[in-house]
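Residues 1 to 157 (full-length UniProt numbering) are what the sequence shown spells out, left to right.
No residue lacks a Cβ here, since even glycine has one placed at the ideal position from N, Cα and C.
Treat the numbers as computed from the prediction; the structure is a model and nothing was measured.
Quick notes on the structure that follows.
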Amino acid sequence: MAYCDRCDRWFPHDRALEQHKEDSNSHWVCDDCDLDFGSYDSLMQHYMQSPNHHYCMECDRHFNFEESREQHMDDKHWYCREHDRVFKSEPGLHSHYRQSTDHHYCFECEEDFDDEDELWDHLRHDHEVHIYCAECDRSFQSESNLWHHLNSRLHQQ
Numbered sequence: 001m002a003y004c005d006r007c008d009r010w011f012p013h014d015r016a017l018e019q020h021k022e023d024s025n026s027h028w029v030c031d032d033c034d035l036d037f038g039s040y041d042s043l044m045q046h047y048m049q050s051p052n053h054h055y056c057m058e059c060d061r062h063f064n065f066e067e068s069r070e071q072h073m074d075d076k077h078w079y080c081r082e083h084d085r086v087f088k089s090e091p092g093l094h095s096h097y098r099q100s101t102d103h104h105y106c107f108e109c110e111e112d113f114d115d116e117d118e119l120w121d122h123l124r125h126d127h128e129v130h131i132y133c134a135e136c137d138r139s140f141q142s143e144s145n146l147w148h149h150l151n152s153r154l155h156q157q
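Laid out in structure tokens, this is it:
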């Protein structure tokens, strides 16, 4: 005999209890953990909070690895990894990148980079962007070169 503590009912065998849980509106079972929840919302909360689940709330998909979920989010949704936020549109994501000081964003090709050095390398290589001295119009390959120039005798002349 198998007992359902949520419904206070007995079943002739384990398979009958499993079938009851599958058919019932009062059972929401996590197939991975075999935990039984009283509502769909509770099951969703479990998926989101458990470190054992890699779940996409946007399309109700499960992944075996967090890296797979993150790649899926990058490929299928407008996702900011830095802030773990999903946007309703691609322009919304790009607007977030432009406004956030945590991002290193190329306005030219709308790409986000891991750090400022990567962004500057990209700008110099792909867009031939240089840094200019506002006073003498000399061009520099990096901010540190401009800084050295600003503190040099050549700039002060």
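Counting along the chain, the unbroken beta strand (DSSP E) around His62 starts and ends at 61 to 63.
Following the DSSP letters along the chain, one finds Glu66 inside the alpha helix (DSSP H) bounded by residues 66 to 76.
Take the alpha-carbon of Phe11 and the one of Cys4: they are about 8 angstroms apart.
By the neighbour-count criterion, in which 16 or more other beta carbons inside 10 Å mark a residue as buried, Tyr97 falls on the buried side. Closest in alpha carbon position to Asp84, among Pro91, Glu90, Asp74, is Asp74.
Your pair His127 and Glu143 does not check out as a contact, with CB atoms roughly 16 angstroms apart and the cut at 8 angstroms. Excluding its 5 nearest sequence neighbours in each direction, Phe63 has C-beta neighbours in its own chain below 6 angstroms: His54, Arg69, listed in chain order.
Pairing Glu110 with Leu93, the inter-Cα distance amounts to about 10 angstroms. A distance below 7 angstroms separates the beta carbons of Glu58 and Val86. When the five nearest sequence neighbours on each side are left out, the beta carbons in the same chain lying within less than 8 angstroms of the beta carbon of Asp102 are those of Glu82, His83, in order along the chain.
Leaving aside the five residues that flank Phe37 on each side, the residues in its chain whose CB is nearer than 6 angstroms to its CB run, in chain order, Trp28, Leu43. Under the 10 Å beta carbon count, Cys80 is surrounded by 16 or more other beta carbons and is classified as buried.
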